[in-house]
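Letter by letter, the sequence shown follows residues 693 to 881 of our numbering.
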Amino acid sequence: MNHKIIKYLYRGRILCCLLAMCLLLSGCELIGLSGKEDKIAAGLSCLEEKKYDEAIAAFQEAVEAETDIGEAYRGIGIALWEQEQYSEAKEAFKKALINGSMKTGTIYNFLGICSLKEEDLDSALTYFETGIRCEKEGSVLQQEMEFNVIAIYEKKLEWETAKAKMEAYITKYPDDEKAAKEAEFLRTR
């Protein structure tokens with residue numbers, strides 16, 4: 693064979709081998725990413741099945757693999773919250789927000805409840821107020837957080853603020869029987 697043809701074929705084989713290796717490595721990387729994403733799915737599945745320790749382990753693996761870290765910390769927070777480990781849950785929810793988790797009413801509600809459980813009323817108030825701003829007007833979650841704000845003012849013995857918030861609440865949610873009873877209580881203060 694001609695020396696130029698052999699050299700051309702040799703270069704062609706090398707290029708084909710390099711291309712095949714690139715494709716193979718890309719495929720391996722894609723498979724690796726898929727496996728990492730499966731940690732989030734596994735964690736969510738464990739949450740649904742109330743296997744909270746397993747959920748935490750799966751989400752922790754996602755954090756270590758640097759896959760959707762915010763979502764992973766949010767999952768850890770929910771699992772810890774379900775186990776009534778409020779201080780640890782609060783830290784996980786904070787890490788979720790720092791690492792890109794969406795700033796939703798739900799996550800701020802979790803933070804508010806954790807703070808309430810710790811008797812940190814000022815932080816709870818801040819979290820609930822932030823959550824109210826994030827949530828859709830008139831949603832059930834927004835209503836719950838607005839009621840929690842009133843309860844915080846009661847715990848802080850700030851009766852006038854609690855009364856004013858309750859009057860606004862009753863105007864907005866006239867069918868809430870629990871709030872009507874609470875309003876009666878506040879009128880006696």
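For glycine and all other residues, C-beta sits at the position ideal for the given N, C-alpha and C.
Legend entry - For ARG879, three-class secondary structure by DSSP: helix
Legend entry - ASP867, enclosing alpha helix (DSSP H) - first and last residue: Counting along the chain, ASP867 falls outside any alpha helix (DSSP H), and DSSP gives it neither H nor E.
Legend entry - Option in SER831, GLU774, ASP868 and GLU838 with minimal Cα separation from LYS809: GLU774
Inset, instruction - Report yes if the CB atom of THR854 is closer than 9 Å to the CB atom of LEU878, and no otherwise. - result: What sits at residue 854 in the sequence shown is Ala, not Thr. In contact: ALA854 and LEU878 (Cβ atoms closer than 9 Å).
Inset, instruction - Could you tell me whether the Cβ of GLU746 comes closer than 9 Å to any Cβ of chain C? - result: In summary, chain C is missing from the structure at hand, where a single protein chain is found.
Legend entry - Contained alpha helix (DSSP H) runs [length at least 4] in the region 790-869, N- to C-terminal order: 797-809, 813-826, 832-847 and 851-864
Inset, instruction - Report the three-state DSSP secondary structure of ASP760 (helix, strand or coil). - result: coil
Inset, instruction - Can you grab the Cα-Cα spacing for the pair ASP760 / SER807, in whole Å? - result: Roughly 25 Å separates the two Cα atoms.
Inset, instruction - Going by CA-CA distance only, name the one from ALA757, GLN752 and GLU758 that's closest to LEU772. - result: Checked all of ALA757, GLN752 and GLU758; the closest Cα to LEU772 is GLN752.
Inset, instruction - Return the Cβ separation of GLY797 and LEU833 in integer angstroms, given the expectation that the two are a contact with Cβ distance under 8 Å. - result: 5 Å
Legend entry - Buried versus exposed call for LYS828 [16 or more other C-beta atoms within 10 Å across all chains shown]: exposed
Inset, instruction - Would you grab the beta carbon distance between TRP851 and ARG881 for me? Rounded to a whole angstrom, and I think it's under 8 Å. - result: Right, their Cβ atoms sit about 4 Å apart.
Inset, instruction - Buried or exposed for SER793, please, with buried defined as at least 16 other CB atoms from any protein chain shown within 10 angstroms of its CB. - result: buried
Inset, instruction - Using beta-carbon positions only, say whether GLU838 and TYR819 come within less than 9 Å of one another. - result: no
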